[in-house]
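Report on one structure; see the data block that follows.
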Amino acid sequence: MTKPGANGLTYAQAGVDIDAGNAMVDAIKPLVRSTRRPGADAEIGGFGGLFDLKAAGFSDPILVAANDGVGTKVKIAIESGRHSTIGIDLVAMCVNDLVVQGAEPLLFLDYYATGKLDPKAGVEIVRGIAEGCRQAGCALIGGETAEMPGMYAGSDYDLAGFAVGAAERGTLLPRADVVAGDVVLGLPSSGVHSNGYSLVRRIVALSGLGWEAPAPFAPEQTLAEALLEPTRIYVKSLLQALKAAPGIKALAHITGGGFPDNIPRVLPDDLGVAIDLPAIAVPPVFGWLAKVGGVAEREMLRTFNCGIGMIVVAEAAQADAVMAALAEAGEKPVRLGEVTARGADEAVTYRGKLAL
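Residue numbers for the sequence shown, in the working numbering: 23 to 378.
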């Protein structure tokens with residue numbers, strides 16, 4: 023029997039390469055520095071990241087925190103070898119959840135776990151995270167890379183993100199004065215965003231198409247490129263509109279669960295919404311998914327955003343001003359319906375059909 027330690031095993035022989043991890047940290051430092059903002063110097067290498075709320079301009083802040091992942095969308099990135107945008111998705115899923123509460127995202131941390139560290143892929147992932155942070159105006163102040171052979175197969179990986187924001191006391195959303203008759207607006211999505219990808223991948227398998235095949239709904243792109251279109255980050259446009267338009271009462275990020283699960287989260291228990299489905303300009307990807315997968319309209323609405331990534335609830339008398347403020351901020355708002363008294367069955371009701 024071999025005595026413990028007699029074979030002289032090293033951590034690297036067990037599958038963990040500390041030197042590769044250190045080299046990746048050095049490679050991403052310039053990317054991290056690019057996310058500097060007031061309150062954070064965006065340097066990494068210490069045991070924790072720091073943020074100065076006073077330097078960021080807050081006087082009486084409430085902190086708001088959110089964490090999320092990208093789900094099985096990462097499988098498409100892994101299988102296609104395209105890692106440059108998945109980090110944007112990671113940031114988007116967290117910071118969009120902060121801004122709907124009226125909070126400005128301030129700092130972000132990531133967790134990247136893999137079976138075998140590929141420094142090149144790792145740098146591309148962090149490049150996307152840094153880009154997402156710049157789009158959201160928050161600082162990437164730290165993170166963790168974990169190499170775990172035996173937990174993940176080969177170069178498979180998963181991502182988690184953690185964001186903290188702040189709002190001045192008394193400005194948090196949703197407001198308590200949402201009432202029947204308030205107007206429901208929608209902001210367009212960039213595509214599937216980061217939800218429903220277990221169903222997406224199942225439909226792709228049914229189609230028989232490879233990731234490098236032209237996307238049937240976007241022939242100028244490969245299927246992988248089209249399905250990896252990153253989640254829109256609504257932070258800067260919404261923060262600008264919130265300052266310009268006091269008529270915004272509530273915001274809802276349309277993620278897993280679609281309209282029926284996400285919109286009621288920002289409404290009083292006795293209220294619902296009526297949505298005009300024909301008002302939605304449905305991106306072609308959703309028509310393709312519905313057709314190839316035979317997915318019913320109600321299932322589409324509960325699984326995907328179907329073209330609307332963010333909901334804005336506005337005071338009826340201020341709806342035009344809110345739409346103008348959103349347009350000035352670079353958005354293309356769509357009037358979708360109104361807040362209603364909640365019925366006995368469903369909080370979200372629909373008029374007409376989706377243009378799938």
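Backbone N, C-alpha and C fix where the C-beta goes; we use that ideal spot for every residue, glycine too.
(request) Could you pull the start and end residues of the beta strand (DSSP E) that N118 belongs to? (result) Here residue 118 corresponds to residue number 96 of the sequence shown, with the count starting at 1. N118 -> not in any beta strand (DSSP E); alpha helix (DSSP H) instead, spanning I108 to V121.
(request) State the DSSP-derived secondary structure class of M332, mapped to helix, strand or coil. (result) Counted from its first residue, the sequence shown places residue 332 at position 310. Strand at M332.
(request) In the DSSP assignment, find the alpha helix (DSSP H) that holds T325 and state where it starts and stops. (result) Here residue 325 corresponds to residue number 303 of the sequence shown, with the count starting at 1. T325 -> alpha helix (DSSP H) spans E319 to T325.
(request) State the beta-bridge partners of L273 as determined by DSSP. (result) Residue numbering aside, residue 273 sits at position 251 when the sequence shown is read from its first letter. Answer by DSSP bridge pairing, in chain order: V334.
(message) Out of G218, P305 and T371, which one is the CA nearest neighbour of G361?
(response) Counted from its first residue, the sequence shown places residue 361 at position 339. Note on residue identity: the sequence assigns Val, not Gly, to residue 361. Among G218, P305 and T371, the Cα nearest to that of V361 belongs to T371.
(request) State the Cα-Cα distance for the pair G213 and E169, rounded to the nearest angstrom. (result) Within the sequence shown, numbered from 1, the residue matching residue 213 stands at position 191. Within the sequence shown, numbered from 1, the residue matching residue 169 stands at position 147. Whole-angstrom Cα-Cα distance: 32 angstroms.
(message) Could you check whether the segment 213 to 228 touches the segment 317 to 328, counting it as contact only if at least three pairs of C-beta atoms, one from each stretch, sit closer than 8 angstroms?
(response) yes
(message) Output needed for D291: all residues of its chain with C-beta closer than 8 angstroms, excluding positions within five of it in sequence on either side, in chain order.
(response) Locating residue 291 in the sequence shown gives position 269, counting from the first residue. Counting only Cβ-Cβ distances below 8 angstroms, and skipping sequence neighbours, we find R364.
(request) Please decide whether P305 counts as near chain C, where near means a Cβ-Cβ distance under 8 angstroms. (result) Reference to chain C is not applicable here, since this structure consists of a single protein chain.
(request) Could you pull the start and end residues of the alpha helix (DSSP H) that D283 belongs to? (result) For the purposes of this step, residue 283 is taken as residue 261 along the sequence shown, with counting starting at 1. Counting along the chain, the alpha helix (DSSP H) containing D283 begins and ends at G280 to N284.
(request) Confirm, please, whether the CB-CB distance from V334 to V288 is below 8 angstroms. (result) Here residue 288 refers to the residue found at position 266 when the sequence shown is read from its first residue. Here residue 334 refers to the residue found at position 312 when the sequence shown is read from its first residue. No. Outside cutoff.
(message) Once DSSP output is grouped into helix, strand and coil, what is the label at L221?
(response) By one-based count along the sequence shown, residue 221 stands at place 199. Note: L221 maps to helix in three-state DSSP.
(message) Extract the residue ranges of the beta strand (DSSP E) inside the segment 123 to 201, only unbroken runs of 3 or more that lie entirely within it.
(response) 126 to 136, 161 to 169 and 179 to 190
(request) Identify the continuous beta strand (DSSP E) that holds R55 and give its terminal residues. (result) Along the sequence shown, one-based indexing puts residue 55 at 33. Looking at the DSSP string, R55 is not in any beta strand (DSSP E); the run it does join, the alpha helix (DSSP H), is I40 to R55.
(request) Kindly confirm or deny that the segment 305 to 323 and the segment 255 to 271 touch, where touching means at least three C-beta pairs closer than 8 angstroms. (result) no
(message) Give me the residue from A227, I255, K258 and L260 with the minimum Cα distance to A246.
(response) By 1-based counting over the sequence shown, the position of residue 246 is 224. Answer by Cα proximity: A227.
(request) Locate the alpha helix (DSSP H) running through L260, then write down its first and last residues. (result) One-based indexing of the sequence shown puts residue 260 at position 238. It spans V257 to A266 - the alpha helix (DSSP H) in which L260 sits, taken as one unbroken run.
(message) Distance check for D111 and G359, CA to CA, integer angstroms please.
(response) On the sequence shown, position 337 is the one that residue 359 refers to. On the sequence shown, position 89 is the one that residue 111 refers to. Answer to the nearest angstrom: the Cα atoms are 28 angstroms apart.
(request) Please look up how many angstroms separate the CB atoms of M115 and T253, rounded, as I've assumed it's under 8 angstroms. (result) Locating residue 115 in the sequence shown gives position 93, counting from the first residue. Locating residue 253 in the sequence shown gives position 231, counting from the first residue. About 6 angstroms; that satisfies the 8 angstroms criterion.
(message) When you compare the CB positions of A45 and P171, do they come within less than 8 angstroms of one another, or not?
(response) Here residue 45 refers to the residue found at position 23 of the sequence shown. Here residue 171 refers to the residue found at position 149 of the sequence shown. No, they are not a contact pair.
(message) Using a 10 Å radius around the Cβ and a threshold of 16 neighbouring Cβ atoms, would you call S211 buried or exposed?
(response) Taking the first residue of the sequence shown as position 1, residue 211 is located at position 189. With 16 or more Cβ atoms within 10 Å of its Cβ, S211 is classed as buried.
(message) What I want to know is whether the C-beta of D291 ends up closer than 7 angstroms to one or more non-hydrogen atoms of the ligand ZN.
(response) This structure lacks the ligand ZN, and indeed carries no ligand of any kind.
(message) To the nearest angstrom, how far is the alpha carbon of A135 from that of V356?
(response) As a working note, residue 135 is residue 113 in the sequence shown. As a working note, residue 356 is residue 334 in the sequence shown. Cα-Cα distance, rounded: 39 angstroms.
(message) Quick check: the Cα distance between G183 and G91, rounded to an integer number of angstroms?
(response) Start at 1 with the first residue of the sequence shown, and residue 183 comes out as number 161. Start at 1 with the first residue of the sequence shown, and residue 91 comes out as number 69. Rounded to whole angstroms, G183 to G91 spans 6 angstroms at the Cα level.
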